[in-house]
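Shown next, in structure tokens, is the structure this report addresses.
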Amino acid sequence: MKRYLTTQAACPIWQERPDKYSSTSHLYGTPHITPLHPQIDMTASYDVIFAGGGASACVTAGRLAEADPSLKILVLEAGSHSKDLYYHVQPGRYFSNFITGKPVLSFHVGQGGKGTGERMHVVPSGRAVGGGSSINFAMYMRPAASDFDDWETIHGNKGWSSKELIPLLKKAETYQPNPSHPSHGSSGPIKISFASAGNEIGAELISVGRALEKERGATNDINNFSPESLNAWGPIQRYIDVNTGRRSDTAHGYIYRKEHPNLTVLTGSKVCRVIFEGTRAVGVEYVDDKIGRAKGAAKPIAVEAARLVVLSSGAFGSPAILERSGIGASEILRKNGIEQLVDLPGVGENYMDHNIIFTPYLASEDAITMDLAFRGREEEVQAYTDQWNKEGKGPFANNGIDGGIKLRPNEAELKTIPSGFEARWKSYYADKPDKPILLMASMAAYVGLNPEVPRGKYFSVAYFSMHPLATGHVHITSGTDVYAPLDFLPGFLNEPADLSVLAWGYKRAREVARRMKYFRGEVAVGHPQFPEGSGAAAGKDINPVSLDAPPIVYTAEDDLAIDEYHKQSVETCWHSIGTCAMKPREKNGVVDSRLNVYGTQSLKIADCSITPGNVAANTYSTAIAIGEKAAIIIAEELGIKGVTVRP
């Protein structure tokens, strides 16, 4: 059936752009607009179209397709399929994907800010079916229950508290260590496990941490939502099937695991904008990504959504699609020559991430590390490949992140955190005892990119702040070029409280690391550059110190060096969220608690861009919760039976 519609907003057709932009024309110059065709020929029709095939989209689309075989669903993904590809399904390949240039990531260059000395930041996002779940570190981490409760009590989203969302996390998973555990699931498509071998670095971190901090306990599950999971050292679970050694992502768990004749996944298809009749979404336009990325004249293709359009392109893609569709702040749309359809100033605002540091240390020769798996040439890692293919075991069945702790300071420790954090503590943490301020974890490798560090055996102690106060923004810079770089400001460390948390984390991580039996010295280029003659200088010790050795004493000048180190070193934690926040419209919200985009009909968003506040966890679990919740909401509204809270 052919359908013709009059367009309402500028059509983002690919155009050749200059190789270089001036400092102002790139971000604010008014682009040349290709004249609109008065009508769009939509020759294909679906009931529901997902604009993006990331982690949440696979969950929602898979649930709906299975519940109603008559529902015709289209998923448009700019990247490629991930089905059974070794560099997706072998978990230990994740780091080499970054350094070998596998086409599974999009890279977004962020403007420097005052918090990080005006240096630029490169933030990757997933570019394949399954999104981040298909390429991430496979680290299993759930938020504090109060993080979800905040979504309801602070941000006004009824039905999004921990009471509603925790059952959805349980529904999604099969917890292989103990399927009958009351806080975990037993029959979901996502498999959760502990490392079965090669986890000595993590075990040593746990052992030393417990001995060094006797007031903190131990746990075999730091992710069970109970008080014992906070301030307790324990092993960290992975999104890896212990029986097969395969990554457990939403693409394989919800889309590829069974045939869905009513579900079409079209890869290499970058969504440009939503098509409207008035303010009702009736379809989308997309371009052939291969042609577009090659700067070819990619002709937009229009497809009809008879019942619903769901944006699911993540914290970068979803706000960009809205703005190109005429939905956003007046100033942003005007600068890009786009006619406004809905005035929604919150689009692209509220960008959030976590701030991470991997402090590196030389490891002893007997340490089992992931360094060769991460950096080795294919001929060097052939034995790992053979072992994984034969047994589902070995380094490629691991992720190297095996032990850690969710830290919350006691009263005495609060006094040791640098000034700037006290107000944040009182306003945000003090009355919510389940919220940690920092995650500390082992990494059985060097994961920096400094060319001065030779190949060898290393381990790192990572730490990241759980709820950074600083936020940023993501906006388009062209109304006609879907490949124009985004106006992206991460905002890292723009708030002093965030810097204070990291300073506390560095000192704690270093005290644990220097007591680990595998320690053979700090990798000095990965540590603060302390003043000459400082007693805190890195690289002095080449063997572990005793458990009862006095802690390093830092002077005021040393503390300044630590702050400067974080400003020069902190980067993304690959946890981009929040840019289409689920908040009241008057508070810069973009979607309501039913995921409807304000001012429109038949248009929803279901991905981590809707997150109204940050979460004390890697964001894959939150993406799953959003996907499962979206499936229930959409099924209710479309009259589909069988999509429930429990399996």
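With our numbering applied, the sequence shown closes on residue 657, and no number is skipped along the way. Quick reminder that beta carbons are idealized off the backbone N, C-alpha and C, glycines included.
- Under the criterion of beta carbons closer than 8 angstroms, Ser631 and Pro153 qualify as touching, at roughly 7 angstroms.
- In the structure shown, Cys618 adopts helical secondary structure according to DSSP, grouped into three states.
- In this structure the segment 226–240 touches the segment 150–169; the number of beta carbon pairs closer than 8 angstroms is three or more.
- In the assembly as shown, Asn360 is a buried residue. Its beta-carbon has 16 or more other beta-carbons within 10 Å.
- Distances from the alpha-carbon of Ala534 to those of Ala513, Val484, Ser510 and Tyr456 put Tyr456 closest.
- Its Cα nearest to that of Ile615, the residue Ala591 stands out among Glu341, Ala591 and Lys597.
- Restricting attention to Asp602, Asp298, Gly324 and Ala339, the CA atom closest to the CA of Ala312 is found in Asp298.
- Between the alpha carbons of Leu605 and Gly623 lies a distance of about 15 angstroms.
- Taking every protein chain shown into account, the CB of Gln247 has 16 or more other CB atoms within 10 angstroms, so this residue is buried.
- Put simply, of Gly288, Asp159, Ala228 and Ser328 the residue whose alpha carbon is nearest the alpha carbon of Ile587 is Ser328.
- Rounded to whole angstroms, the Cβ separation of Ala480 and Phe502 is 6 angstroms, and the two are in contact under 8 angstroms.
- The residue from Arg317, Thr490 and Asp259 with its alpha-carbon nearest to that of Ser144 is Asp259.
- When DSSP states are grouped into helix, strand and coil, Pro187 belongs to the coil group.
- A distance of 8 angstroms or more separates the beta carbons of Asp569 and Ala627.
- A distance below 8 angstroms separates the beta carbons of His483 and Leu499.
- For the pair Ile337 and Val580, the CB atoms are not nearer than the 8 angstroms cut-off.
- Between Tyr371 and Phe529, the C-beta gap is smaller than 8 angstroms, which places the two residues in contact.
- Arg465 is not bridged by DSSP to any residue.
- Around the CB of His191, fewer than 16 other CB atoms lie within 10 Å, so the residue is classed as exposed.
- Considering only Phe406, Glu174 and Phe105, the residue with the shortest C-alpha distance to Asn209 is Phe406.
- Within the same chain, no Cβ atom closer than 8 angstroms to the Cβ of Ser437 is found once the five residues on either side in sequence are excluded.
- A residue is called buried once 16 or more other Cβ atoms fall within 10 Å of its Cβ, and Phe147 is buried on that count.
- Taken atom to atom, the span from the alpha-carbon of Tyr264 to that of Glu174 is near 21 angstroms.
- Comparing alpha-carbon positions, the option among Asn504, His537, Arg465 and Lys309 lying closest to Ala383 turns out to be Arg465.
- Using a Cβ distance threshold of 8 angstroms, Lys168 and Ser603 count as a contacting pair.
- It is roughly 22 angstroms from the alpha-carbon of Leu86 to the alpha-carbon of His585.
- Nearest Cα to Val99 within the set Ile109, Lys224, Arg257 and Thr629: Arg257.
- When DSSP states are grouped into helix, strand and coil, Thr277 belongs to the strand group.
- Per DSSP, reduced to three states, the secondary structure at Leu95 is coil, with no helix or strand assignment.
- The beta carbon of Thr70 sits closer than 6 angstroms to the beta carbons of Ala616, Gly637, Ala640 and Ala641 from its chain, once the five residues preceding and following it are set aside; these are given in chain order.
- Secondary structure within the segment 580–636: not one fully enclosed alpha helix (DSSP H) run of 4 or more consecutive residues is present.
- Here the alpha carbons of Pro271 and Gln121 stand approximately 44 angstroms from one another.
- The segment 408–425 and the segment 214–223 touch, with no fewer than 3 CB-CB distances between them shorter than 8 angstroms.
- Cβ-Cβ distances below 6 angstroms link Pro541 to Glu567 in the same chain, with the five nearest sequence neighbours on each side left out; the list follows chain order.
- A straight line joining the alpha-carbon of Ala633 with that of Thr621 spans about 9 angstroms.
- Taking C-beta separations shorter than 8 angstroms and ignoring five residues to either side along the sequence, the partners of Ser612 in its chain run Arg290, Ala291, Val292, Ala315, Arg317, Leu318 and Val319, following chain order.
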